[in-house]
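Residue numbers (this note's numbering), protein chains in the order written: chain A, 4 to 236; chain B, 4 to 236; chain C, 283 to 501; chain D, 283 to 501. Backbone N, C-alpha and C fix where the C-beta goes; we use that ideal spot for every residue, glycine too. Reviewing the structure listed below.
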Amino acid sequence: MIDKRVANADVAVTGLEDGMTVLFGGFGLSGIPENAIAAVRKRGTRNLTCVSNNAGVDGFGLGLLLETRQVKKMISSYVGENAEFERLMLSGELEVELIPQGTLAERCRAAGAGIPAFYTPAGYGTEVAEGKEVRVFNGKPHLLEHAFDASFAFVKAWKADPAGNLVFRGTARNFNPLMAMAGKITVAEVEEIVPLGSLDPNHIHVPGIFVHRLFQGEHYEKRIENRTVRPRP
Amino acid sequence: MIDKRVANADVAVTGLEDGMTVLFGGFGLSGIPENAIAAVRKRGTRNLTCVSNNAGVDGFGLGLLLETRQVKKMISSYVGENAEFERLMLSGELEVELIPQGTLAERCRAAGAGIPAFYTPAGYGTEVAEGKEVRVFNGKPHLLEHAFDASFAFVKAWKADPAGNLVFRGTARNFNPLMAMAGKITVAEVEEIVPLGSLDPNHIHVPGIFVHRLFQGEHYEKRIENRTVRPRP
Amino acid sequence: MALDKNGIAQRIAQELRDGWYVNLGIGIPTLVANYIPQGINVEFQSENGILGMGPFPWEGEEDPDLINAGKQTITALPGAAFFDSALSFGMIRAQKVQLTVLGAMEVSDNGDIANWKIPGKMVKGMGGAMDLVASAENIIVAMQHTNPKGESKLLSACTLPITGVGCVKKVVTELAVLDIDPERGFVLLERAPGVSVEEIVAKTAGRLVVNGEIPEMKL
Amino acid sequence: MALDKNGIAQRIAQELRDGWYVNLGIGIPTLVANYIPQGINVEFQSENGILGMGPFPWEGEEDPDLINAGKQTITALPGAAFFDSALSFGMIRAQKVQLTVLGAMEVSDNGDIANWKIPGKMVKGMGGAMDLVASAENIIVAMQHTNPKGESKLLSACTLPITGVGCVKKVVTELAVLDIDPERGFVLLERAPGVSVEEIVAKTAGRLVVNGEIPEMKL
């Protein structure tokens, strides 16, 4: 067994340098690597290009790295609901590249699958298509899109074994498995590290080969962004 | 719940017509759709183009459809160990297209993911590259490969629920999930259909949306092609 | 009388067919799930990674690991499946989802849709909308017929940056149900109870086809 | 004395490094797993869909759902994972596998490899070999130095249809360990115990660099 465990989040972000491109798992505030984000903030690394479907909210998630001006550029599909983000963007302190959510996912998956580029119909005929090669397949125009090239990926899973095999829970899975595949150095944080052999090998979402560093998060707030309920009858 | 169950294998192959392109899951003899193959043989459909990593052996797996001359063309990565196959190929009764295993898998996955084409390094500089577009990414030449366009996919899973959610076991998974995604009509056969709600939604390998027809196989031989053991100490 | 949001959702729900997988956008589209006709089985996909989405949880049973694309807490029905974002958009692009219902700021009479960006305003992003509209074969737009200034949102050409080209098949507003025929434009099929054809004509800026008697919607 | 198959495997096993994921081809490469050096943790990947492959099962415990790429019945170690063929070749193309050991019919002095097809003979297919050689950064070929007719398999250019271009980094035969430097050709590193440099020179048809004293392998 190749043991992927490191001591803590601070050790896990070793080697992260100014100017790097970094993938952050999560959708909204669900399944985000809370402890890695805190460690990146503590480390103070600057000028990061962050690829994440969303940009967190004020004071939580990636909002914490926006607050400290550690982010040079966000690559996301949706960045609403974040006043600090809006202020930085409008003042020109933050670059933003918006790309379709499915393309974002597939560009991560492509990186992790050794596919340098692929064609997708998403965005044809829109601003997103500017400067991109268009090719018609089956009578329908498609855009050429490229795999991401990221130094680090920070992902959050539910459980892992010491070999780095990851299991996710519910819709907290989202971008995490794809970004785990795509990182040159993939740091996975989990709620629980279980003993080797206790995960069913049929039900591993991300095999440990994709994970370079693994740690158990100290605390998870798991904040809910949009609480909707049915009143009890 | 959208119920995908059909009565049996014969009903499941309804609509299969001469000349169609069909995907068959399995690697070697592991995870092959034994009951669907038998039903296709019984149906007598001819001139099929079969996409399958392997071509079965004499008298088992796809060997059963070669025996009855129902296959016009095989698209595979490896076709060894089959005397009838060799005879048909050498006599010109069977066309064969050999493609790299990873490309075969990715072309299925692409079809099921709505990606019409992608670039892969596999086969560059070899016979496989003949007639294909070459493009350099990151200093390395790649080939343009296209998604399969198949009318039917026959796959074999371990368990399913009535909604068609599939779970595989061990390395019998292989091409099955990808082909399940890729079929215009996907027929899944399983060893056991379990009650709705008894599969963990975190551990579905193929969501039922990809499965059109589901049945429980009557009998599985699950023949072993290459039995290797350690003598007990 | 013009429909309210629930009325629009209820009318769209009549388009559901047994055995369909359906993706509902944020806003009015979400309400469609409340009006599934009797005897119809459909399953809801949310593009962040679930098939078999159920209603909101009971108070106190919210789970941060279980949300929909609007980041709302939800539940999973028996037979549900969770998956990653690549598989989720894979099934969308591969047209495994039979119906997509979206809101829009503008729709043109050839089926273009604009629903992600207003120049000069803070851009929030397209999320999954561009993937959905580029791939879905059956897109219904749920929206108000006019914007808050009273200007038509059914145009001959979108004025806002578009989300997708020639993709919308049907529009349901508080006033009318209209098909889109790229050759002829908006084809008026039904009007809301008590709404006149004249009002719809007056509030539709794009090409509009009105053929014969236009029936009232049945809700 | 020339090595036997186990000797070749044993020498290749010395190339293993702690923490590596390794893909072993059919034949001699499979034997490498029997000689993992003490204190080294490696995991074996088989491209049909397993990481953490263990030894053959005990007699009577064979499982038809658990085979390797050579279709042999195998076992899974604690911490193993099963996956589909797309993910399997994804990790291969994305260079997550640190070492690939393959057999070959011919290798050229610029690193081309031919191991899938002999014109005029029944073609069995390339299986996963073309994907592996196109992507792996570290490929060791395990093979006999000459073919059954006594002709060198280490050539200036492959005569058989190639499997991949300029990809082989090292060759281990029953006679020698050779690096491939595309600029200079085969670089002789070690000779089998008792085998002379002259014999290696005589049996190597491609460019061969022999620099200084060539040590014997230590097994």
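CA-CA distance, Phe-121 of chain A to His-215 of chain A, rounds to 27 Å. Asp-394, Trp-398, Lys-399, Met-404, Val-405, Lys-406, Gly-407, Met-408, Gly-409, Gly-410, Ala-411, Met-412, Asp-413, Leu-414, Val-415, Ala-416, Ser-417: these are the residues of the segment 393-421 of chain C whose beta carbon lies less than 9 Å from some beta carbon of chain A, given in chain order. Arg-235 of chain A sits exposed, since fewer than 16 C-beta atoms from the chains shown fall within 10 Å of its C-beta.
Across the structure, Ser-390 of chain C and Thr-71 of chain A are spaced so that their CA atoms are roughly 43 Å apart. With its beta carbon at least 8 Å from every one in chain D, Phe-218 of chain B lies outside the interface. By the Cβ neighbour-count rule, Leu-501 of chain D is exposed, with fewer than 16 other Cβ atoms within 10 Å of its own.
Collapsing the DSSP output to three states places Ile-227 of chain B in coil. Proximity of Asn-229 of chain A to chain C, defined by a Cβ-Cβ separation below 8 Å, is satisfied. Using a CB distance below 9 Å, no part of the segment 48-82 of chain A faces chain B. When C:Gly-385, C:Glu-325, C:Gly-402, C:Ala-458 are compared, the shortest CA-CA separation from Glu-472 of chain C is found for C:Ala-458.
One thing to note: Thr-17 of chain B has its Cβ no nearer than 8 Å to the Cβ of Ile-444 of chain D. Residue-level contact by beta carbon fails for Gly-28 of chain B and chain C, as no gap is shorter than 8 Å.
For Leu-101 of chain A, the nearest CB of chain C lies under 8 Å from its own CB, placing it at the interface with that chain. Ser-80 of chain B is classed as buried because its beta carbon has at least 16 other beta carbons within 10 Å across all chains shown. Beta-carbon to beta-carbon, Glu-456 of chain D and Ala-474 of chain D are separated by about 6 Å, close enough to satisfy the 8 Å threshold. Of the candidates C:Asn-493, C:Glu-480, C:Leu-442, C:Asn-493 places its Cα closest to the Cα of Arg-466 of chain C. Under the criterion of beta carbons closer than 8 Å, Val-415 of chain D and Gly-446 of chain D qualify as touching, at roughly 3 Å. Non-local C-beta neighbours of Gly-307 of chain D in its own chain, meaning closer than 7 Å and more than five positions away in sequence, comprise Val-383, Leu-384, Gly-385, ordered along the chain. Of all alpha-carbon atoms in C:Thr-355, C:Trp-302, C:Pro-430, the one lying nearest the alpha-carbon of Val-379 of chain C is that of C:Trp-302.
Pairwise C-beta distances place the segment 316-326 of chain D out of contact with the segment 199-215 of chain B, as fewer than three of them are shorter than 8 Å. According to DSSP, Thr-428 of chain C shares a beta bridge with C:Ser-434. Restricting attention to alpha helix (DSSP H) runs no shorter than 4 residues, the segment 372-428 of chain C encloses them at 411-417, ordered along the chain.
According to the DSSP assignment, Arg-44 of chain B belongs to no beta strand (DSSP E) but to the alpha helix (DSSP H) extending over 37-46.
With respect to chain D, the C-beta atom of Ile-118 of chain A has a partner C-beta closer than 8 Å. Exclusion of the five residues before and after Ala-185 of chain B leaves Leu-26, Cys-111, Ala-114, Gly-115, Phe-151, Ala-153, Ala-156 as the residues of its chain whose Cβ lies within less than 7 Å of its Cβ. For Val-483 of chain C, the three-state secondary structure derived from DSSP is helix. Nearest to Lys-353 of chain D by alpha-carbon distance, out of B:Ser-94, B:Met-4, B:Gly-83, B:Arg-138, is B:Gly-83.
Contact annotation: Val-453 of chain D and Leu-460 of chain D have beta-carbon atoms nearer than 8 Å.
Interface with chain A (8 Å Cβ-Cβ cutoff): Gln-320 of chain D is excluded. Counting the other CB atoms within 10 Å of its CB gives Ile-482 of chain C a total of 16 or more, which places it among the buried residues. Counting only runs of 3+ residues, the beta strand (DSSP E) found wholly inside the segment 184-214 of chain A occupies 188-196, in chain order. Residues of chain B whose Cβ lies closer than 9 Å to the Cβ of Asn-205 of chain A are, in chain order, Trp-161, Val-170, Phe-171, Arg-172, Gly-173, Arg-176, His-206, His-208. Excluding residues up to 5 positions away in sequence, Val-170 lie with their Cβ nearer than 7 Å to the Cβ of His-206 of chain B in the same chain. For the pair Val-304 of chain D and Leu-298 of chain D, the CB atoms are nearer than the 8 Å cut-off. For the pair Ala-484 of chain D and Ser-438 of chain D, the CB atoms are not nearer than the 8 Å cut-off. When Cβ pairs closer than 8 Å are counted between the two stretches, the segment 165-181 of chain A is seen to touch the segment 211-228 of chain A, the count reaching three or more.
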